[in-house]
Amino acid sequence: MGVNLFPAQFRNGTLLQDVEHALAESGLPPEALELEITENIALGREDGALAPLKTLRSMGIGIALDDFGTGYASLSYLTRYPLTRIKIDRGFVQMIDNQSASEDTAIVRSIIVMGRNLGLEVVAEGVETTAQADFLRSEGCHELQGFLLSKPLPKEAFEKFLMSAPAEPPEMTVETARLVG
10 MGVNLFPAQF
20 RNGTLLQDVE
30 HALAESGLPP
40 EALELEITEN
50 IALGREDGAL
60 APLKTLRSMG
70 IGIALDDFGT
80 GYASLSYLTR
90 YPLTRIKIDR
100 GFVQMIDNQS
110 ASEDTAIVRS
120 IIVMGRNLGL
130 EVVAEGVETT
140 AQADFLRSEG
150 CHELQGFLLS
160 KPLPKEAFEK
170 FLMSAPAEPP
180 EMTVETARLV
190 G
């Protein structure tokens, strides 16, 4: 389960306690939780963000850098933060089609290779076409998120969607579907 974090959650200093409480209350194992941070959380807040994230990671909780490539963070954040995954921003994915020029796909290719070289999982956000999915799969990115897989669904429709989906789609996994309601 992915949960987006916001700068305010680091400012109040209770992030660790809040996550521990939520895990205890829900019964969710730490390994099933992934906290998503954006580059703007990391920027200028390294002292306040890094320590709690390292502790959460040591508990088995995944840490994802969301919307990667759109902020002003240094690439060194990829090695300083206890990340398990980076998520390619949809703006880069949207430039991919059957006629894409190499310069339109260069950033996506680079992020995939960089993530792999750093031992991070890579997710492509905003995948809307089979051409995008095919390109990403051919480049080694097998985790996709976007309307190609499903539009946001209310709880009941999401449960039905999960029950009707094959156990494992060929050569890719469904990384995220949004619950609405």
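Per my numbering, residue 10 is the first one in the sequence shown, and the count goes up by one each step.
Backbone N, C-alpha and C fix where the C-beta goes; we use that ideal spot for every residue, glycine too.
The model shown is predicted, which means the values in this text are computed figures rather than measured ones.
Between the CA atoms of residue j and residue i - distance to the nearest angstrom
i, j, result
"Leu-145", "His-151", "7 angstroms"
"Val-272", "Asn-49", "Because the chain here runs from 10 to 190, residue 272 falls outside it and cannot be looked at."
"Gly-22", "Gly-57", "8 angstroms"
"Met-10", "Ala-110", "35 angstroms"
"Gly-100", "Glu-34", "36 angstroms"
"Thr-64", "Glu-40", "13 angstroms"
"Glu-169", "Ser-159", "Note that residue 169 is Lys in the sequence shown here, rather than Glu. The straight-line gap from Cα to Cα measures roughly 12 angstroms."
"Thr-185", "Pro-163", "Confidence at Thr-185 is low in this model, with a pLDDT of 42, below 50, so the placement of that residue is unreliable and no value is reported for it."
"Thr-79", "Phe-167", "30 angstroms"
"Asn-13", "Thr-47", "8 angstroms"
"Ser-147", "Phe-77", "20 angstroms"
"Val-131", "Arg-125", "8 angstroms"
"Val-122", "Gly-128", "10 angstroms"
"Pro-16", "Pro-61", "13 angstroms"
"Leu-87", "Phe-19", "19 angstroms"
"Ser-85", "Gln-103", "26 angstroms"
"Pro-175", "Glu-43", "23 angstroms"
"Arg-89", "Asp-143", "32 angstroms"
"Gly-69", "Ala-115", "33 angstroms"
"Gly-36", "Ser-173", "25 angstroms"
"Pro-161", "Leu-171", "13 angstroms"
"Val-117", "Gly-149", "11 angstroms"
"Asp-27", "Glu-165", "28 angstroms"
"Glu-45", "Gln-108", "32 angstroms"
"Leu-32", "Leu-59", "20 angstroms"
"Glu-180", "Leu-157", "Note on Glu-180: pLDDT 46, under 50, position unreliable in the model; the coordinate value appears next. Each residue's alpha carbon lies about 15 angstroms from the other."
"Leu-24", "Ser-119", "33 angstroms"
Cβ separation of residue i and residue j, assumed to be a contact under 8 angstroms, to the nearest whole Å
i, j, result
"Pro-38", "Arg-66", "Pro-38 to Arg-66, Cβ: 15 angstroms. No contact."
"Ala-133", "Gln-154", "7 angstroms"
"Thr-138", "Asp-106", "7 angstroms"
Residue(s) in a DSSP beta bridge with residue i
i, result
"Arg-118", "Its beta-bridge partners do not exist; DSSP assigns none."
"Lys-96", "Val-132"
"Gly-11", "Glu-43"
Chain C within 8 angstroms of residue i, Cβ atoms only
i, result
"Asn-21", "This model lacks chain C altogether, as it is built from one protein chain only."
For a minimum of 4 consecutive residues, which ranges assigned as the alpha helix (DSSP H) are wholly contained in the region 14-92? 16-20, 24-35, 48-51, 55-67, 86-89
Cβ contact check for the region 86-106 and the region 64-74: 3 or more pairs under 8 angstroms: yes
Which ranges does the alpha helix (DSSP H) cover as unbroken runs of at least 4 residues, wholly within the region 126-162, from first to last along the chain? 139-147
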